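To keep things clear, I will list the structure first and then write my remarks on it.
Residue numbers (the working numbering): 410 to 796.
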């Protein structure tokens, strides 16, 4: 499928964490790189991500492993400069509704069985592990994952973008809607709606929730399951909370400048998506989400929303990551996943490896884009009448 020669000039389509990370790893590997993005860097999902660094809960072993390696890359970055206020490892605290003790115990048992640091605690003892949290009744259970962390992706993207330019890479912002250029059956670059084009030996498509649409133009079906979502950033507040909190009505993490980032899913049905792709929501739901988050904090603390962003949260149709070169369009690589934050560094590293070497990395074996074509073919085969 590949010619086994390192691509010398690569066009990366997408200015989120997956695109920028891949571009940096490519230029580190000696490639000439042009990163093209529709608007500004981090203007899409990466700019409104809770970006909780974790592999908690239940997921397939290969996905769990990839996430653990992804977290390891962040730990390396953290160790290089622990003073970064936009990357922290202060743990995470999770709990569900009061009637969910069986679910909580099962989640904890699964995490322990997979070697993931997990502590089952009653809510009263949770407060001893995570200062500043309104813990609730002691009979309610919680899970403390001490090794988890968070990252502010816009801050990380800016640092990586600075490195990309310093190493000679080019960044093109405001390019508008772009498509992959194919010549003689192979991806050869990217072109914008106004006719501007960027030629290369290979292309990486990392367009978040728009990835499926870009690939559809190439005749490749990668189902999209991206829901509408929102991220709220609060005004600065003084509190002891340093952990990520995941609760039935609010998920939140600290944010640079003494702020909090808050999201959840219960309000998704109230988000309105307009014909031009923009989104809006009645401010009453923003205030309700912020009130739910405020209730998690110990003491008389009332959070206030400073800003909020809305849009699609990238999730492939089957919920699993999609990484690798397209069989139908050689030279075109895809990076599409829900866990863009946790996988951001390792996904860029492995995608760049495959582009530069032409070798499929074994860690991406279960996440190839052709799995959807294979499933479709298998389903069509089973639907044929028996003769």
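The beta carbon of each residue, even a glycine, is placed where N, CA and C say it ideally should be.
Bear in mind that the values here come from a model prediction, so they are computed numbers and not experimental data.
Rounded to whole angstroms, what is the Cα-Cα separation between residue 603 and residue 510?
57 Å
Skipping 5 residues on each side, what residues in its chain have a beta carbon closer than 8 Å to that of residue 759?
732, 770, 772, 773
Hey, would you say residue 451 sits closer than 8 Å to residue 424, going by beta carbons?
yes
Looking at residue 643: is its Cβ nearer than 8 Å to the Cβ of residue 680?
Between residue 643 and residue 680, the C-beta gap is not smaller than 8 Å, which leaves the two residues out of contact.
Under the DSSP definition of a beta bridge, which residues are partnered with residue 590?
598
Looking at the secondary structure, which residues open and close the beta strand (DSSP E) in which residue 640 lies?
637-643
Segment contact, 8 Å Cβ cut-off, at least three pairs: the segment 513-524 with the segment 456-468
Under the Cβ criterion (8 Å, minimum of three pairs), the segment 513-524 counts as touching the segment 456-468.
Cα-Cα separation between residue 626 and residue 611, rounded to whole angstroms
The alpha-carbon atoms of residue 626 and residue 611 are separated by roughly 17 Å.
Per DSSP, what kind of secondary structure is residue 771 in: helix, strand or coil?
Helix at residue 771.
Determine whether the beta carbon atoms of residue 743 and residue 614 lie at a separation below 8 Å.
Yes.
Where residue 622 falls: helix, strand or coil (DSSP):
Note: residue 622 maps to helix in three-state DSSP.
Three-state secondary structure (DSSP) of residue 492:
coil
Quick check: the Cα distance between residue 421 and residue 565, rounded to an integer number of angstroms?
18 Å
Go ahead and pull the three-state DSSP assignment for residue 532.
helix
Grab me the residues of residue 634's own chain with a C-beta within less than 8 Å of its C-beta, minus the 5 sequence neighbours each way, in chain order.
These residues qualify, in order along the chain: 724, 725, 726, 727, 728.
Do residue 541 and residue 706 have their beta-carbon atoms positioned less than 8 Å apart in this structure?
yes
Just the C-alpha distance for residue 745 and residue 494, rounded to the nearest angstrom, thanks.
27 Å
Counted within 10 angstroms of its Cβ, other Cβ atoms place residue 730 as buried (16 or more) or exposed
With 16 or more neighbouring CB atoms inside 10 Å of its own CB, residue 730 falls in the buried class.
Between the segment 526-543 and the segment 567-579, can you find at least three pairs of beta-carbon atoms closer than 8 Å?
no
Touch check for the segment 480-494 and the segment 752-766: three-plus C-beta pairs under 8 Å?
yes
Cβ-based neighbour list, residue 645, same chain, cut-off 7 Å, excluding 5 preceding and 5 following:
So the list reads 666, 667, 668, once near-sequence residues are dropped.
Residue 718, DSSP secondary structure in three states
strand
Taking the Cβ atom as the reference point for each residue, do residue 503 and residue 580 lie within a distance shorter than 8 Å?
no
In angstroms, rounded to a whole number, what distance separates the CA positions of residue 674 and residue 584?
31 Å
Helix, strand or coil, according to DSSP, for residue 543 in the structure here?
Coil at residue 543, not helix or strand.
Indicate whether residue 463 and residue 500 have their beta-carbon atoms separated by less than 8 Å.
no
Indicate the three-state DSSP secondary structure (helix, strand or coil) for residue 519 in the structure shown.
Here residue 519 sits in helix by DSSP.
Suppose the cutoff is 6 Å on Cβ atoms and the five residues either side in sequence are ignored; what does the same chain contact list for residue 800 look like?
Because residue 800 is not part of the residues shown, which for the chain are 410 to 796, the question remains open.
Flag this pair as yes or no: are the beta carbons of residue 457 and residue 640 separated by less than 8 Å?
yes
Reducing DSSP to helix, strand and coil, say where residue 724 ends up.
coil
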